[in-house]
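One structure is given here, and the rest of the page talks about it.
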Amino acid sequence: MARMSEPLIVGRVIGDVLDSFTPATKMLVTYNGNKQVFNGHEFFPSAVTVKPRVEIQGDDMRTFYTLVMTDPDVPGPSDPYLKEHLQWLVTDIPGTTDATFGKEVVSYDTPRPNIGIHRFVFALFKQKGRQIVKNLPTSRDYFNTRSFAAANELGLPVAAVFFNAQRETAARKR
Numbered sequence: 808m809a810r811m812s813e814p815l816i817v818g819r820v821i822g823d824v825l826d827s828f829t830p831a832t833k834m835l836v837t838y839n840g841n842k843q844v845f846n847g848h849e850f851f852p853s854a855v856t857v858k859p860r861v862e863i864q865g866d867d868m869r870t871f872y873t874l875v876m877t878d879p880d881v882p883g884p885s886d887p888y889l890k891e892h893l894q895w896l897v898t899d900i901p902g903t904t905d906a907t908f909g910k911e912v913v914s915y916d917t918p919r920p921n922i923g924i925h926r927f928v929f930a931l932f933k934q935k936g937r938q939i940v941k942n943l944p945t946s947r948d949y950f951n952t953r954s955f956a957a958a959n960e961l962g963l964p965v966a967a968v969f970f971n972a973q974r975e976t977a978a979r980k981r
């Protein structure tokens, strides 16, 4: 499974957002029922307006996970001084289910990249128990995935995937 993290390194997700980790759980992120997210693939913002289905394989339903989705390139990738922007936060997701079974702590915020190509990162953390995530963010901007994970004793992620998106021009929407 080590090869699965290579696109995360090339895409600078490991480094900018996450520390190096070994994937241990399978996570599938799908938009609009059939568009699966693969590392580094591009989505039009108009294709990601509705929150995706996030399926977690996990060990069993007694294992709980936290899903974090961020944009580390706000307002633009050349000067991301607001990074990270928290797009979505769901806790207490039972293994073998999907994010709809968890507790949505921060609602899904439609990706709206204004300047340049943005990365949108989904990171999955295994919780030590149910309802242990207590240190919740007070703002979407200046969010830090590493600090959030440390404050809630989540450790390293067990899965991650990202996609790229950029602002759609009128011509690109056709």
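Numbers 808 to 981, taken from my numbering, label the letters of the sequence shown in order. Note that the Cβ used here is the ideal one computed from N, Cα and C, for glycine as well.
Using a Cβ-Cβ cut-off of 7 angstroms (strictly less than) and excluding sequence neighbours within five positions of residue i, which residues of its own chain qualify?
i           : result
residue 867 : 902 and 903
residue 924 : 884, 971 and 973
residue 935 : 960
residue 919 : 852
residue 911 : 897
residue 937 : 871 and 899
residue 892 : 877, 878, 881, 947, 948 and 950
For residue i, write down the residues that DSSP places opposite it in a beta bridge.
i           : result
residue 876 : 895 and 929
residue 825 : 821
residue 910 : 898
residue 924 : 973
residue 905 : 862
Ordered along the chain, which non-local residues of its own chain (more than five positions away) have a Cβ less than 6 angstroms from that of residue i?
i           : result
residue 851 : 975
residue 915 : 858 and 895
residue 949 : none
residue 834 : 863, 931 and 966
residue 808 : In this prediction, residue 808 has a pLDDT of 42, which is less than 50 and means its spatial position is unreliable; nothing more can be read from the coordinates.
residue 981 : Bear in mind that the predicted position of residue 981 carries a pLDDT of just 48, short of 50, making it too unreliable to give a figure here.
List the whole-angstrom C-beta distance separating residue i from residue j, where the pair is believed to meet the contact cut-off of C-beta under 8 angstroms.
i           : j           : result
residue 874 : residue 855 : Rounded, the Cβ-Cβ distance is 15 angstroms, inconsistent with contact.
residue 826 : residue 871 : The Cβ separation is near 21 angstroms, so there is no contact.
residue 877 : residue 829 : Incorrect: roughly 21 angstroms between the Cβ atoms, too far for contact.
With the cut-off set at 8 angstroms, would you say residue i and residue j are in Cβ contact?
i           : j           : result
residue 897 : residue 944 : no
residue 932 : residue 964 : yes
residue 832 : residue 966 : yes
residue 836 : residue 824 : no
residue 820 : residue 928 : yes
residue 846 : residue 969 : yes
residue 947 : residue 879 : no
residue 905 : residue 939 : no
Counting only the same chain and skipping the five closest in sequence on each side, list residues whose C-beta sits under 8 angstroms from that of residue i.
i           : result
residue 921 : 882, 883 and 974
residue 848 : 970 and 971
residue 907 : 860
residue 771 : The question about residue 771 has no answer, for the chain in this structure spans 808 to 981.
residue 813 : none
residue 869 : 901 and 902
residue 962 : 932, 933 and 956
Quiz prompt | Length at least 4, wholly inside the segment 932 to 981: the alpha helix (DSSP H) runs in chain order | solution = 952 to 958 and 977 to 980
Quiz prompt | Start-end ranges of the beta strand (DSSP E) lying completely within the segment 828 to 878, minimum 3 residues | solution = 834 to 838, 860 to 863 and 871 to 878
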